[in-house]
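Notes follow once the structure below has been shown.
Protein chains: 2
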Amino acid sequence: MSVMTDSLAHPARSEIRIESVLHALADPVRLLFVRELARCGCEGAPCGSIELPVTKSTRTHHLRILREAGVISMRPEGTARISTLRREDLDTLYPGLLDSILTAAH
Amino acid sequence: MSVMTDSLAHPARSEIRIESVLHALADPVRLLFVRELARCGCEGAPCGSIELPVTKSTRTHHLRILREAGVISMRPEGTARISTLRREDLDTLYPGLLDSILTAAH
């Protein structure tokens, strides 16, 4: 298994924990990223296409927390990484949670 | 203004921030306390009546985070402190949030 694969590990739906999801979303920068991903509404967004007011390493840190909590999935595509909101997983596990947070975050 | 009053300051509804609410709830002990408060369904519960698997000082710390985030209110009653879930405030600000979290926390 390559390092790249390891570094993009994702929890299965059954491994997602509400505490981790709440922690991942309890940050204005991560909330901004998730809101932009949700607003995009497309299949996925290249990581770099959503601007965040942080350095590249801080950005990487935030995206890792979101990914490890099960909020977003990331896949490599060429030299880019494509982020997708795990809306189906979150809506199934916690009906209404994501919508209430996305609405509130404005 | 007494120290007691200061130590039980609460944010007004308009001061409650989604990031703080999510952070307050992103902890298993605090989630347990909030779930017990919600299950109680009464006007309020004496702080000590809900058992938590932590020391008294840790418990005080957790309750302060919940109070300062606007998740619970606390009022002194004799030598006890009565905790109440701020359900109306939270449901008004973030419709569906609390219910989705309370359901998920089991």
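Respectively, the protein sequence lines represent chains A and B. Going left to right, the first sequence walks through residues 0 to 105 as numbering that gives the first Met the number 0 numbers them. Going left to right, the second sequence walks through residues 0 to 105 as numbering that gives the first Met the number 0 numbers them. Ideal Cβ positions, reconstructed from N, Cα and C, are used throughout, including at glycine. As the structure is a prediction and not an experimental result, all values here were calculated from the model.
Under the Cβ distance rule, residue 88 of chain A does not count among the residues neighbouring chain B, no pair being separated by less than 8 Å. With respect to the 8 Å criterion, residue 65 of chain B and residue 12 of chain B are not classified as neighbours on the basis of their beta carbons.
Around the Cβ of residue 61 of chain A, a 10 Å sphere holds 16 or more other Cβ atoms; the residue is buried. Residues of the stretch 17-32 of chain B with a C-beta atom less than 7 Å from some C-beta of chain A are 17, 18, 21, 22, 24, 25, 26, 27, 30, listed in chain order. When C-alpha distances from residue 102 of chain B are compared across B:29, B:37, B:20, the shortest belongs to B:37. Here residue 27 of chain A is not near residue 50 of chain B, since their CB atoms are 8 Å or more apart. At a cut-off of 8 Å, the C-beta of residue 100 of chain B has a neighbouring C-beta in chain A.
Residue 94 of chain A has a beta carbon lying within less than 8 Å of a beta carbon in chain B. When 8 Å is used as the limit between beta carbons, residue 103 of chain B is near these residues of chain A: 17, 92, 93, 96, in chain order. The Cβ atoms of residue 99 of chain A and residue 45 of chain B lie no closer than 8 Å to each other.
Beta-bridge partners assigned by DSSP to residue 79 of chain B: B:76. Secondary structure of residue 23 of chain A (DSSP, three-state): helix. Excluding its 5 nearest sequence neighbours in each direction, residue 76 of chain A has C-beta neighbours in its own chain below 8 Å: 45, listed in chain order.
Partner residues in the beta bridge of residue 84 of chain A, as assigned by DSSP, are A:71.
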